[in-house]
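One line per chain: the protein sequences are R and W, in this order.
The first sequence begins at 4 in our numbering and counts up by one.
The second sequence begins at 4 in our numbering and counts up by one.
Using N, Cα and C, we set each Cβ at its ideal position, and we do this for glycine too.
Protein chains: 2
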Amino acid sequence: MNLVDGVLKGHVRDIARLISVVENELPEATNAMQEIFPHTGNAYTVGFTGPPGAGKSTLVDKVTLHLCQQGRKIGIVAIDPSSPFSGGAILGDRIRMRDVITEKDVFIRSLSTRGSMGGLSRAAGDIAKILDASGKDFVLIETVGVGQDEVDIFKTADTSVLVLMPGAGDDIQSIKAGIMEIADIFVVNKADREGSDGLVTSIRQMLDMNPKPGPWRPPIVKTVATHNEGIEELFSAIEEHRGFLARTGSLVARRKERIRAEIIRLVERRVAKIIQTQIRQNGRFEELVEKVVAREDDPYSCMERIVGPLERE
Amino acid sequence: MNLVDGVLKGHVRDIARLISVVENELPEATNAMQEIFPHTGNAYTVGFTGPPGAGKSTLVDKVTLHLCQQGRKIGIVAIDPSSPFSGGAILGDRIRMRDVITEKDVFIRSLSTRGSMGGLSRAAGDIAKILDASGKDFVLIETVGVGQDEVDIFKTADTSVLVLMPGAGDDIQSIKAGIMEIADIFVVNKADREGSDGLVTSIRQMLDMNPKPGPWRPPIVKTVATHNEGIEELFSAIEEHRGFLARTGSLVARRKERIRAEIIRLVERRVAKIIQTQIRQNGRFEELVEKVVAREDDPYSCMERIVGPLERE
C-alpha cells in the first residue's frame, strides 16, 4: 500500500515513515506532501511557547491527557533546540499514563534544531500537516521562544499559547517582542510559586499598554501543570478563542494568510536556489567577487549590479 | 564632519552613531556601509560561542584585557538573545579594570535579538565592519550557540572559538552540530570544576571521529576565566591558528568565500523583497491562493506555477 494512503488511514508506522521522509528532505517528499495537502485543514492547531523551564512539556502532556479523556486524537510536534535527539519518540517517556493512552490516540514527534539547520519551521509545518491529514483532532506544537524559527512556527498555529512562570525575574523581557504580540492566551504556570500574582499583573499591564488592541483580549490562565491544576481552564480558554475565531471569520482569514505566506516562502526558497546555482556558475560573478576582495568594489554595489538588470525587466 | 570620516578616525561617538544608523536600517545605512567597506579587512575577527553559562563574557573580557596590555585596540560585538537591551554599552559594567582601559582602546556593542527580527547576522556583520574600519586590531564577536543566526555569525569570524564547561552534562550534545564542525579552537572554561578532564577527553574523541579531518587540528585549551587562568594559552592558540591560516593561504580563501556568501545573501534578500512586492500586487496570485484554500491546489504545485516561467527564461 502507498505510504500516503497509510497516513490517511492513521497507521502509526506510515505516519512515522512519512515524517522521516519529509524531515530528511528525501526526493519523494514533495510529491507526498502534494498528496497530503488536500486532506489537511481539519485539525485544530495550538502552539505552546515560552522560555526554557516554564514547564511547557508538562503542560502539553496534561492538555493532551485532558483531550484524550474526551476521546479526541492528538498529534504533538515538540521542538527542542537543546535536544540532541530528533526522531520518532512515539509516546516516549513524556506522556506518563500509558494505560489510558494508545499510540492511536497520541502521536508525538520531537524535532531538534541539530541537523535541520535553517529548515526547522518548514519541517515542523510539514509534520503538522501530516498529523492533520492522519486524522488527529488537535495538533499541538511546542517550541522554546528564542529564535526566529520559533516565532515562524508559533505563527502557524490557530491558537498561540505563551507559557511563563513566576520567579524567573525578567521572564517577560526575555521573550522575543514578536511573540508577546501574537500570543492569544497567556499561561502563568507553576502558579503555586511566589510571584505568580505579580506576573499576572505585569502581563495585564503590558496588555493594557498595547497601542492597538484587537477585538480579542488575551486571557491569562494560572496553572500548576504538575498537579493538573488549571488545565480545564486553559482548555476552556483555547475553546473560547477557537469560537471567537470561527464567529468572526478570523480562522478562515488566518489560515488563508498562512497559506499565502507559505507559498511565498516556497517561492523564495526555490528562487534562492536558482540564484545560488546561476550565480556560482556564472564566470562574471567571480570577477565581481575579486573586485570586492580587492576593495575596488563593495558587496552592496555588487548586489545592485546583479539585481539591477532583473528589476528593470 | 561626515559621520563615516569620524568613524575612520576612530571617534567613539561617531562609531556609536553609525552603528545605530545601521542597526535601525535607516535610509542612509547602505551608502555609509558602501563608504566603510574599502577600509575594512584590517582587523582580525575572533568568534566566541557556546551554551549559556559557559562564561563567554568573562572569557572575552579577559582576552580583551590581555590584548589591551599589549597595546592593541579591540571592538566587541556581544549578541545576547535573552537580553532585552540592545544598544551602545560603551565599556558598560563588563570590563572591570576601567583604570587600565579607555574608550579609545575598547568599544563594546551589545545586540539583542529583540527588535532585530531576522536581521541579526546582517547587523552583527555590519557592526564588525564598522569597528574594523574604525581602526580596531581585533574584533571579538560573542554569541550564544543556539539558533541559525548564531551559526551564521560564527561563520563570519577568522578564528572560531567554542566555549564549553564541565558539569553541564550534555553540553556537547546540546550545541548545534554545525557549530562543532566549524570550531577552530575548543575552550574548556571553568576548568577547576569536576569533570573538566572528562570533557577534554570527550572533545578529543569527537575530533578523532571526524571522518574528514582537515590540516588544522583544533586545540583544546583549559581556562578559568574568572581567575585569569589559561588566557595567554588561549591567545597563543588564536595566534597559532592565525599563523596557520596565513601560511596556507586559507585566510584569503576564507575571507573571499565570506564575501561571496555575503553578496549572495544580499542578492537573495533583495530578490525576496521584489518577489513579495510583485506577488502581492499581482491579482492572479490571489486566485491561486483561493484555489489552495479550497484544497483544489496545493502550495507546492502553486509555487511551481509561479516559479516555472522564471526558470524557463
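Using a Cβ-Cβ distance cut-off of 8 Å, the segment 133 to 141 of chain W and the segment 157 to 171 of chain W are not in contact, since fewer than three pairs of beta carbons, one from each stretch, lie closer than that value. Residue pairing from DSSP places Gly53/R in a beta bridge opposite Val147/R. Neighbourhood of Leu269/W in chain R, by CB distance below 7 Å: Pro302, Tyr303, Met306, in chain order.
For the pair Ala297/R and Arg258/W, the Cα-to-Cα distance works out to about 11 Å.
For Met36/R, the chain W residues whose C-beta falls within less than 8 Å of its own C-beta are Asp301, Tyr303, listed in chain order. Short of 6 Å from the beta carbon of Gly13/R, and not among the five residues preceding or following it, lie these beta carbons of its own chain, in chain order: Ser137, Gly138.
According to the DSSP assignment, Val190/R belongs to the beta strand (DSSP E) that extends over 188 to 191.
In this structure, the straight-line span from the alpha carbon of Leu237/R to that of Val190/R is close to 8 Å. DSSP links Leu114/W through a beta bridge to Ile82/W.
Under the Cβ criterion of 7 Å, Lys259/W is counted among the residues facing chain R.
Per DSSP, the unbroken beta strand (DSSP E) holding Lys225/R starts and ends at 223 to 225. Arg220/W is classed as exposed because its beta carbon has fewer than 16 other beta carbons within 10 Å across all chains shown. Rounded to the nearest angstrom, the Cβ distance from Ile144/W to Gly53/W is 13 Å, too far for a contact under 8 Å. Identification of chain R residues near Glu197/W by a Cβ-Cβ cut-off of 7 Å yields none; the smallest Cβ-Cβ distance measures about 22 Å.
Taking the Cα positions, Ile182/R is about 17 Å away from Leu123/R. With a cutoff of 7 Å on beta-carbon distance, Arg196/R and Pro169/R are scored as near each other.
Around Thr33/R, the beta-carbon contacts reaching into chain W at under 8 Å are Tyr303. For Thr146/W, same chain residues with a beta-carbon under 6 Å away, outside a window of 5 residues either side, are Thr52, Ile82, Glu153, Ile156 in chain order. Met36/R and Ile133/R have their C-alpha atoms some 8 Å from each other.
Ranked by Cα distance from Gly56/W, the first of Gln73/W, Leu167/W, Asp187/W is Leu167/W.
Against chain R, a Cβ distance below 7 Å from Ala275/W picks out Glu271. Inter-segment contact for the segment 266 to 278 of chain R and the segment 236 to 253 of chain W is absent: fewer than three beta-carbon pairs are separated by less than 8 Å. Leu29/R: not part of any alpha helix (DSSP H); DSSP gives it neither H nor E. Separation of the CB atoms of Ile266/W and Cys305/R is rounded to 5 Å, and the pair is thereby assigned contact status at 8 Å. The straight-line gap separating the alpha-carbon atoms of Gly286/R and Glu260/W is approximately 15 Å. Distance check between Asn192/R and each of Leu21/R, Ser113/R, Ile185/R, Leu202/R places Leu202/R closest, using alpha-carbon atoms only. Comparing C-alpha distances from Val142/W to each of Leu210/W, Val80/W, Lys158/W shows the shortest one belongs to Val80/W.
At least one C-beta of chain R is nearer than 7 Å to the C-beta of Ile309/W.
With respect to chain R, the C-beta atom of Glu145/W has no partner C-beta closer than 7 Å. For Leu29/R and Ile18/R, the gap between their C-alpha atoms comes out near 15 Å. Residue contact with chain W for Glu265/R: present (Cβ-Cβ distance below 7 Å to some residue of chain W). Residue-level contact by beta carbon holds for Ile278/R and chain W, with a gap shorter than 7 Å. For a cut-off of 8 Å, the C-beta gap from Ala194/W to Leu62/W is around 11 Å, too long to register as a contact. Counting only Cβ-Cβ distances below 8 Å, Phe157/R has no contacts in chain W at all, with the closest Cβ about 12 Å away.
When 9 Å is used as the limit between beta carbons, Ile130/R is near no residue of chain W, the shortest such separation being about 15 Å. Scanning chain R for C-beta atoms nearer than 8 Å to the C-beta of Pro222/W yields nothing, as the closest lies near 24 Å away.
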